[in-house]
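Protein chains in written order, with my numbering: chain L, 168 to 432; chain A, 29 to 532; chain S, 59 to 188; chain W, 811 to 1328; chain B, 2 to 154; chain E, 64 to 204; chain Y, 956 to 1056; chain G, 1238 to 1318.
Before any comments, here is the structure.
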């Protein structure tokens, strides 16, 4: 009860402050608002620059992808790191490495199959068997076409991860782990960041700044720096996809089994 | 402008004992080596201090800035040696050697535990003492002041029993508490008021600032109580509390290092921070003087009632310290001279007394005044020294105490403070009252008041003195106390340099 | 134009089925009957609406060599339909099964049989492994 | 490569973490060399940055090379304020890393690689927060830091650390979200995320700076960061989170995370909102100072009530945060308060590091979690105890440790700002600290160690040196960082002039930027 | 076949994206080998026939779905008493899992019936009214069996 | 009242709703007793911020921030300035919010892991019970 | 009256048709009823995404994630179903049955 | 941006948020939270933030719900509030 009263007070105060500020906002959907067009007298908003020049700079029609991986690629590197961190943190928190209750419980897998019943095995299992490859190819498409359509490394990665989750849900986690083992997902997650950071780091070798993929022109053999950026963005997206895929599946695997990687959802 | 000399001597003097600490710890298994290191460091230190003496006597000032301050924004660790510092350093470093010697005897005599720690912290506290003596600005002063508080704490609580814990707690809470609560803000306030200047120099730090009466009074009192090592009432009770310490420590604390650092700081504050001019203009020193006077009288009266010898000595110390403060507070040339000299005089005399108390304890295990009757028979040297020491404290000839007290009294008269003059005289009487009867019954006990085995005529065969390592130092200090009465010239010279330096 | 009208018709009929599903969802008495409404109504109406839009997209195709991306869009729309076809009944029956496992009793018209109740008392099935 | 120092400083631990992820899972022995080399590399980079800043002023690094117009790309800014902090982060991290050699996750030694990955990523986050010049980037890195912290706290085996981590997570996420709201409001009114850009716009447009949205933005950013730094009313998560986490984690979390948050606040004040603007609204500043005073009082009081060492230290952190926040908001014209705050960030990081290392060592090798358990410590592990004493003295503010000087600068600022209550609070808190630590010293100094006192029934009357003393120092890998931290505490105190001078060039440099409204 | 899907998704026919597509297909085949087709022995011709038959079945099924929806629609707007929910047991002659799967989903999609549980070869079906229950007369089985005729008759 | 409604609420409808949702989330974070409920509240709280950001990048009548392939090809050939910024939504908030979503899901994952551990250790997910048990734990020690 | 307007109309209708599902969610009575309603809304959402794509005249872009959406919606319900199986198997928790919110 | 969609979805959003927080059955709460994700995804799409919508679709509808369900499996389904 005390918490509720306290919560009410806190919420009222915060809400009042926020609403007090809201009346000061530019109108919703105003294309001339400072966020969209910059402040008068100040420099024009970065967003205008992006809209006008991104395609010229990077040859990527999807502005969001371009900004995400190039202009603000530094942010995104850490976004990936956040995901990786989450995976590691969950691992550190949950994973049971010593088998604490191994002797008491027989392998839960053996009981699972009977309990799922034919129904689940047949209907869900077969659906997933059909769906999973489709999901995967679609996810890879999403990763590869982040330049042109919505999506990119993160979304594709989540879907790839979801496809493995789907395998785990339709059959058992063991099936999924057989395809994507613990060692490999940790390694793949690290590899993903390595790809990202490596691609971002390469320009340093060429004497340019971090994340400046334009420097990779020579390496990739593209005509202009723009295409080099475009390819750099692709490399980065790939790294993100790897990490996200691995971590999403890792999180699921650990959460559903409380870190034992046996039984589970 | 004063003529200053740049020299690393003060630093070496400080470091001599600091460097001894690791050596002492290193040689913790080799008792002999350890003690050798202690003496070596003491001798080295004394030598460094002596080496500076001629320079100071020439009327110069040694200046050394250790960590350079940039643009006046920070406070360097700086040394500055003038007459006052020199005198204090002389006293401290010379007495350290003796105290070390005494400590060796005392510790061995009583088989005290953890002697390594004892000697290590002893050296450390001496380093701090010299640091205070040579401090070139308020911050350095404060730094070493705190260092001294902390490094003496393990000494005070040396026995690590319940009593020691209580005493140590009182000790630290008073010293640290007051220094953080009063001295630190006072320093900071000074720092801000003076526009970032805290270095001692020919000009007092606050001489230029136009302080009003009340802030100045508050500041002065903050300093006076903040440096509570000076034992001004009502922040005096750490001193009797610290009596739980082994006697060499008490000697060091109550005669040389700690308490003298307190009064030294107050003299520094009065002369170096406020300056005679400012104080004279504002008249805030009167308040300080009266507080000191109150302390003098009260503590003497309390001392009379104490049966524990060391406690009686402690209260006596409080009173004597208040003399010095009082002398400083009078800010006349004579009174200042008196109070500076009294630092030395009281140091020598009081250390003798403590040594004696310790020697009595080592030899007989007696702690109380009432047990002393007839002791002059078995420990004639000790009690003789005790007598000489008490002469010094009371201010009777032949002792350095006479000279300093004389200056003080005359200074009080000079300042026109007849009431304070009376205080001096009264307290001298009281001093005599609490020391002389003690000596008297030691040598001439009443019949029947002493155990039978003591009640016999004096003979050298019956002498049961403490170990020689205890007796020799106390004899030396007793002699020093007397001897300096005859050759106090260089001390007066030093004082004179100091007085000249502050522009009186 | 024909295409447009056709697509509009398709979409509208899809909406009608959606409406049916929604009403069914509201009115049916128990979980299992609601499954009927939800599972079936949505599948078909999704099919109808999306193919309606797909048809509408076809309208834009004049010259296949130039407008093939639009065709691909149409194909993608159909892919959604196919996918929903695949998944919707699956999830419907999986949920129905789950509902049974969860202990929801179906409302059975008096006089009709409930064989599941008879055979399978909601204990884990103990049929032999295939 | 020296042009790339600002980014290399955090890439080193990042690549280290990747390397552990790739190779360390199989072979745990890879971890420590990787961690140490990465951190040492970072330290070198940080020192390089300091030198460069010293030589050439503020260092801008344009990630991806997007220089113009401003705000397109992300800028890393190293100036005199943050470059020393980088160094301190690297140092504390190295110390903590050495400390954790053998007992990374305390109970689950199999989780060593995970511990070190989180550890390094935490460093990445902290470096990143410190060096970035982009308001949104700060948020991302705060989250990196936060997530690693949750992991590091909960990696321990105790039951309570999980709950503590959960509460921390809730508070931390809400705090970060508040920060994000604030940044959103800024973006909404100003259309930029670049700190300097925001600053320029705000400085040139007074009415905008006073608008409701911007004020709200400021309030939310502050509240968010306060949550992260455990400023008093929002401190609830801290004591449990740090005291129940494994020692190795606490040794890096406690010194750094709150300090870096304080730095973010300073950064926001200095180079986003502008000091001039803040100094013009002094009454707000004084309001915050009052809050800080309450924080100091509360932190000290809570510390007095604690019986566990780590908890007590955590409460002290709360008080210390109060010092820093208060100092930053004093608004004295010479910016001494702010100087003190920045210096205190450095000082407190080292002091807290020292204390937590010591507490960790005591817990591990003396079995002491409560104050009473410490008895006999000086005898058993004198060197470790010495390190602890130095840390304690620094917290109390005894010269020549750095704690004294930071307090000194803070008080100077307060006196110049005329904020006497703050002075009083600082001093009172110092006194309380003195009481606290001497209570500990006393316990540690006196009394027999009940476990180890075999054969020493009588402590008096013997000369202990002649017999083998029951000395059992913690192993070297724990002792060395502890003593190094203690030494650094003193060293920083001795070099305070140089450091403060350096910091002030930064503060004054930015100040001139403010006044000219570049 | 995956490649076709890829092209449908992608809409780019330049070499870069096609090669990406090839790589992706390779990855997917590698990742989920054994998921889509576990029986590789069936010859392609038969598979083609199956596909055709499957398509025709789908058309029929679609019509059934339309019917079922109309039925649901009617029921939705009908008074409540029109419902006669029941659960019927239905034994199928179909053997393979895939056939059962197809049947179950078809039953679910057709008028008034939802498969609740499969136990071995017994389907438990929730029927919404008598008509729907009566509709389970084995026609669907036949049609499904017809698709995979080679493996059955 | 009506004028206020027209001026303050209507043009800022999104923002009002964002505040409301955020407050719902915040309230439940503080007041809800069940830890998972708290987390759901936290997620809702975070999405409210996303709503703020995305709302402020919206432009009336603008399209999605993807330049049509063909238009892009054309603008390559012709002048690059052919793109009218008013017709394309502001991409920056989208970028930022992608990051924020990722952060959100990462946090959620970690929090759920913590929940599981808390449940394992204390056998409950109700905050008050957990706190009680902690207290009991403390008293035992 | 362009086709876009029509599409908007369709979208609004679809949104309004979510209301019954919402009511079902509010009323329950069982968790599974809610899940079914969630499924219904999910399907409608996928359609709505296409509708929005039509309105923006960028169907190609929206189709992608309508598809992704359908996929993941499916995952959600499968997970719920699977959960109920597992929960029943463990028998630890009381089955939901009727509840009064 | 489509204003009518906007308003309706926002209202739904609030309703969904309240429901998901007030349902006592955590499984249902998780599913309703899924709806919340659907709606917000729609909202992003409608505001032109396709990428955000895509992410929200994958995360909100796919992963979050599954993760919460996985947790509920290992903990308890009931909640007191």
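Think of the CB as a built atom: it goes at the ideal place given N, C-alpha and C, for glycine as much as any other residue.
7 Å Cβ cut-off: residues of chain L touching residue i
i                      : result
residue 954 of chain W : 245, 248, 249 and 252
Residue i (DSSP reduced to helix, strand or coil)
i                       : result
residue 1012 of chain Y : coil
residue 32 of chain A   : strand
residue 336 of chain A  : strand
residue 1217 of chain W : helix
residue 889 of chain W  : coil
Cβ neighbours of residue i in the same chain (closer than 7 Å, five flanking residues each side left out)
i                       : result
residue 253 of chain A  : 206, 210, 260 and 263
residue 94 of chain B   : 142
residue 1084 of chain W : 1009, 1012, 1013 and 1324
residue 342 of chain A  : 267, 268, 271 and 282
Close beta carbons around residue i, own chain, < 6 Å, minus the five adjacent residues each side
i                      : result
residue 219 of chain A : 226
residue 131 of chain A : 276
Through-space distance from residue j to residue i, alpha-carbon basis
i                      : j                       : result
residue 822 of chain W : residue 1007 of chain W : 29 Å
residue 310 of chain A : residue 367 of chain A  : 22 Å
residue 414 of chain L : residue 1234 of chain W : 52 Å
residue 37 of chain A  : residue 83 of chain A   : 11 Å
residue 857 of chain W : residue 849 of chain W  : 12 Å
residue 187 of chain E : residue 1039 of chain W : 30 Å
Under 7 Å by beta carbon: chain Y residues contacting residue i
i                      : result
residue 129 of chain E : 1016
residue 168 of chain L : Residues of chain Y passing the Cβ test: none, with the nearest at roughly 20 Å.
Closer than 8 Å at the beta carbon, the chain Y residues around residue i
i                       : result
residue 1308 of chain G : Simply none; closest approach about 10 Å.
Contact set between residue i and chain E, taken where Cβ atoms lie within less than 8 Å
i                      : result
residue 331 of chain L : Under the 8 Å cutoff, chain E gives no residues; its nearest Cβ is about 15 Å from residue 331 of chain L.
Interface residues of chain W facing residue i [CB-CB closer than 7 Å]
i                      : result
residue 220 of chain A : 1222, 1225 and 1226
Near the ligand HEM: residue i beta-carbon under 7 Å from a heavy atom
i                      : result
residue 994 of chain W : With respect to the ligand HEM, the structure shown offers nothing to examine, as it has no ligands at all.
Under 8 Å from the C-beta of residue i: neighbouring residues of chain L
i                     : result
residue 57 of chain E : Any question about residue 57 of chain E goes unanswered here, given that chain E covers just 64 to 204.
Proximal residues of chain E, C-beta to C-beta of residue i below 7 Å
i                      : result
residue 990 of chain W : 112 and 163
Proximal chain G residues relative to residue i, where beta-carbon distance stays under 9 Å
i                      : result
residue 214 of chain L : None at all; the shortest Cβ gap to chain G is about 13 Å.
Listed by chain order, chain W residues near residue i by CB distance under 8 Å
i                      : result
residue 105 of chain A : 1210 and 1304
Inside the stretch 343-410 of chain A only - alpha helix (DSSP H) runs reaching at least 4 residues
361-392 and 403-406
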